[in-house]
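Whatever position you read off the sequence shown (first residue = 1), add 578 for my numbering. Glycine is no exception: its CB is placed at the ideal position from the N, C-alpha and C atoms. Quick notes on the structure that follows.
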Amino acid sequence: MAFKGVRIEPLSSVTKDFRTVKTFTVTARNSTKKTYYVSVHYRDAIFIGGLVQLLALDSKDGSLLWKDNLNQNFVYSNVVHTNQQTTLHVAKKNPTT
């Protein structure tokens with residue numbers, strides 16, 4: 579988790595389950611604090627990738643959730659399968675825009 583400030587509580591390096599709302603407090607350099615409430619809503623998706631595009635399909639009905647031309651807007655990790663869980667990391671190439 580990225581943040582701008584001096585400190586974040588609880589620590590961002592600790593793994594969290596975001597299926598329920600989590601509270602984070604960021605302390606600025608001037609000692610002011612701001613509280614953020616974070617939750618993540620997700621759908622089970624099937625990822626299909628090739629040399630040109632990456633597609634995300636809804637695993638329940640096969641509908642297209644999103645698609646992207648590779649090497650355009652996002653960067654992708656390899657898909658990792660562990661303990662009945664599939665992980666694909668997707669990051670925006672230029673997070674400031």
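Could you round the C-beta distance between residue i and residue j to whole angstroms and report it? I think they count as a contact, below 8 Å.
| i | j | result |
| --- | --- | --- |
| V604 | K594 | Incorrect: roughly 15 Å between the Cβ atoms, too far for contact. |
| Y615 | V599 | 5 Å |
Against chain C, does residue i count as a neighbour if the rule is that its beta carbon must be under 7 Å from one of theirs?
| i | result |
| --- | --- |
| K645 | Absent from the structure is chain C; it holds one protein chain and no more. |
Report all residues from its chain with a CB closer than 6 Å to the CB of residue i; omit the five preceding and five following residues, and keep chain order.
| i | result |
| --- | --- |
| V584 | T605 and R607 |
| W644 | A634 |
| K638 | none |
| G627 | none |
In this structure, what does DSSP give as the bridge partners for residue i?
| i | result |
| --- | --- |
| V616 | K600 |
| D636 | A623 |
| D595 | BP columns for D595 are empty, so no partner. |
Using the Cα positions of residue i and residue j, report the straight-line distance between them to the nearest angstrom.
| i | j | result |
| --- | --- | --- |
| N647 | F625 | 13 Å |
| P588 | T601 | 8 Å |
| G640 | V630 | 20 Å |
| F586 | A623 | Correcting the residue type first, residue 586 is Ile in the shown sequence and not Phe. Answer to the nearest angstrom: the Cα atoms are 31 Å apart. |
| T675 | S609 | Here the model assigns T675 a pLDDT of 44, short of 50, so the residue's position is not dependable, and the following value carries that caveat. About 28 Å. |
With distances taken from CA atoms, which of the options is nearest residue i?
| i | options | result |
| --- | --- | --- |
| S617 | T660, F596 and D639 | F596 |
So, at 7 Å on beta carbons, what are the nonlocal neighbours of residue i in its own chain, with the 5 sequence-adjacent residues on each side left out?
| i | result |
| --- | --- |
| L642 | L633 and L635 |
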